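Peer 1:
In the numbering used here, the protein residues as written are 5 to 203.
#1: Under the criterion of a Cβ to heavy atom distance below 8 Å, does residue 192 qualify as lining the ligand MG?
#2: Which ranges would you report for the beta strand (DSSP E) in the region 106-176 if only whole runs of at least 3 residues count?
#3: What residue range is occupied by the uninterrupted alpha helix (DSSP H) comprising residue 70?
#4: Cutting at 7 Å between CB atoms, please list the residues of its own chain near residue 204, excluding the five before and the five after it.
#5: Shortest alpha-carbon distance to residue 190 belongs to which of 159, 147, 104, 91?
#6: Roughly how many whole angstroms lie between the Cα atoms of residue 151 and residue 144?
#7: Using three-state DSSP, classify residue 200 as helix, strand or coil.
#8: Provide the residue span of the alpha helix (DSSP H) that contains residue 7, from first to last.
#9: What residues are listed by DSSP as bridge partners for residue 183?
#10: When you compare each of 73, 140, 106 to residue 87 by their alpha carbons, which one comes out closest?
#11: Output the boundary residues of the beta strand (DSSP E) element that contains residue 20.
#12: Could you check where the beta strand (DSSP E) with residue 34 kicks off and where it finishes?
#13: Determine the burial state of residue 186: buried for a count of at least 16 other Cβ atoms within 10 Å of its Cβ, exposed for fewer.
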């Protein structure tokens with residue numbers, strides 16, 4: 005929000021975060037609640053921005069519905085989510101539960117939008133805001149092959165030889181994913197989606 009406030013000084017910024025009890029900017033009208041508990045009026049916002057939130061929600065449908073309700077006609081919902089179709093997203097499905105409860109693709113985002121009167125207008129595959137490259141994919145494949153568990157990682161019970169194989173896999177990761185090819189092929193682990201409310 006602070007970046008947007010600098011870019012658009014006439015904006016009236018609202019912030020909603022259930023897990024933060026305050027913000028450092030007195031200009032932000034802040035709610036320490038769940039989004040749908042804030043009681044915003046219908047057709048209230050021009051733009052809603054939500055980065056790295058929807059994949060953590062237990063019921064993302066409620067948030068799409070509420071966003072549609074509180075957006076003005078032609079208002080925009082801009083969200084950043086993990087891409088279920090990427091190498092990172094496919095691996096994160098396994099490794100990131102329970103933090104990431106949902107993973108989205110362009111197709112599922114369009115369906116959520118359609119259900120709640122939001123048209124998916126733009127999709128941008130990105131790895132610059134958060135690194136959504138498949139970095140670590142080879143390492144995880146080697147871990148699976150060598151049957152290294154999360155417990156092994158946590159308690160540092162990985163033999164010297166297995167650590168060497170993991171190092172080699174990490175080097176392969178760095179080489180393969182250094183060129184950001186996933187972004188160009190629309191396979192980045194991160195999607196930035198823009199929805200527009202048409203009615």
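Glycine included, C-beta positions come from ideal geometry on N, C-alpha and C. Quick caveat: nothing in here was measured; it's all calculated off a predicted structure.
Peer 2: For this structure:
#1: Of ligands this structure carries none, so the ligand MG is not represented either.
#2: Under the rule that a run must span 3 or more residues, the beta strand (DSSP E) segments found entirely inside the region 106-176 read 122-130.
#3: 64-74
#4: Absent from the model: residue 204. The displayed extent of the chain is 5 to 203, so no value can be given.
#5: 91
#6: 10 Å
#7: strand
#8: Counting along the chain, the alpha helix (DSSP H) containing residue 7 begins and ends at 6-11.
#9: According to DSSP, which records beta bridges pairwise, residue 183 is partnered with nothing at all.
#10: 106
#11: Membership of residue 20 in the beta strand (DSSP E) is indicated by the continuous run 18-20.
#12: First-last of the beta strand (DSSP E) with residue 34: 33-35.
#13: buried
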